[in-house]
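Peer 1: This structure is in structure tokens; I'll ask about it shortly.
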Amino acid sequence: MDMECLEDVDFNQTCIDDLTYLRLDKCINLRSLPSSIRRSRSLQYISLSGCSKLESFLEIMKDMECLEELDLSRTSIKELPSSIGRLELLEKIYLNCCPNLFIDGETASCLWCLSSLEELYLSENNILHILVASTQPCNPVTLNISHYKMLEEIPELPSGLRELDLHDCLNLGTLSNNPSTLIWSSPLEWFKKVELRKYIRYCGEWLIKEVLEF
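Residue numbers for the sequence shown follow our numbering, so the first one is 172 and each next one is one higher.
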């Protein structure tokens, strides 16, 4: 079957009951998922990466709460469902290169409140306001905001971050010139706050030594 030609997909109840892994990458004509997916009690992984016409994701029902990994990268998704907070077992979410994506403050807080979240990928986007949500992550989270070409300044960072990837943020001020500048005051304060210090990855270089010595 030519996955690129796939415009619609559906599953019978028997299939839904046994489904744990769903990968529909690069189905460039796929616009939506069937509502029957919401009845799956065993689904743990969904990847829709490269489904460039996909503009929305299903509202989360109770039956879907086993989902552990969700990849919506390189889609045309405009917003996350308001019920995203129900995915209490979700560990990884990929939202890389989603140019139409808008995340409001309420949705951002729901993401940070996911009790199992470990990794959040937002590279090649422009939705940095997610960082200034008043809610702190429930767990130490790896945050990837690499390839933000227009990023010049870093907003306040949640203290619950474990790891921050800033590589290829080419317009961001350099740390080595003056690490006390406003651009870097937020990461420096973050390093002072976090209990589990790992690293900041910035423009392809590891700068943990410079930050901690400041």
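In this text, a Cβ means the ideal position worked out from N, Cα and C, and glycines have one as well.
Can you give, in chain order, each stretch of the alpha helix (DSSP H) that sits fully within the region 199-254 and has at least 4 residues?
Peer 2: none
Peer 1: Can you give me the C-alpha to C-alpha distance between L288 and L190, rounded to a whole angstrom?
Peer 2: 22 Å
Peer 1: Please state whether DSSP places E334 in a helix, a strand or coil.
Peer 2: E334: strand per DSSP, three-state reduction.
Peer 1: Looking at the structure shown, is G375 part of a helix, part of a strand, or coil, going by DSSP?
Peer 2: Note that G375 scores a pLDDT of 44, beneath 50, so its modelled location is shaky and nothing firm can be said.
Peer 1: Mind checking C186: buried by the 16 CB within 10 Å criterion, or exposed?
Peer 2: Its Cβ having fewer than 16 others within 10 Å, C186 is exposed.
Peer 1: Indicate the three-state DSSP secondary structure (helix, strand or coil) for L282 in the structure shown.
Peer 2: helix
Peer 1: Measuring CB to CB, does Y133 end up less than 8 Å from S280?
Peer 2: Given a span of 172 to 385 for the chain in the structure shown, any question on residue 133 remains unanswerable.
Peer 1: Residue range of the beta strand (DSSP E) that R194 falls in?
Peer 2: That run of the beta strand (DSSP E) goes 192-194.
Peer 1: Could you please give me the residues that DSSP links to K263 through a beta bridge?
Peer 2: E240, E290
Peer 1: Cutting at 6 Å between CB atoms, please list the residues of its own chain near D242, excluding the five before and the five after it.
Peer 2: S218, S220, Y265
Peer 1: To which residues does DSSP link N315 through a beta bridge?
Peer 2: Y292, D336
Peer 1: Cα separation between E277 and R257?
Peer 2: Answer to the nearest angstrom: the Cα atoms are 14 Å apart.
Peer 1: Pick helix, strand or coil for E323, following the three-state DSSP scheme.
Peer 2: coil
Peer 1: Return the chain-ordered list of same chain residues with a C-beta closer than 8 Å to the C-beta of G331, the five sequence neighbours on each side being excluded.
Peer 2: W283, Q307, P308, C309, N310, P311, V312, V365
Peer 1: Report buried or exposed for L201, applying the criterion of at least 16 other Cβ atoms within 10 angstroms of its Cβ.
Peer 2: buried
Peer 1: Hey, E230 and I248 are a contact pair by Cβ (cut 8 Å); roughly how many whole angstroms apart?
Peer 2: The Cβ separation is near 13 Å, so there is no contact.
Peer 1: Output needed for M321: all residues of its chain with C-beta closer than 8 Å, excluding positions within five of it in sequence on either side, in chain order.
Peer 2: N297, N342
Peer 1: Consult DSSP for I187 and reduce its assignment to one of helix, strand or coil.
Peer 2: helix
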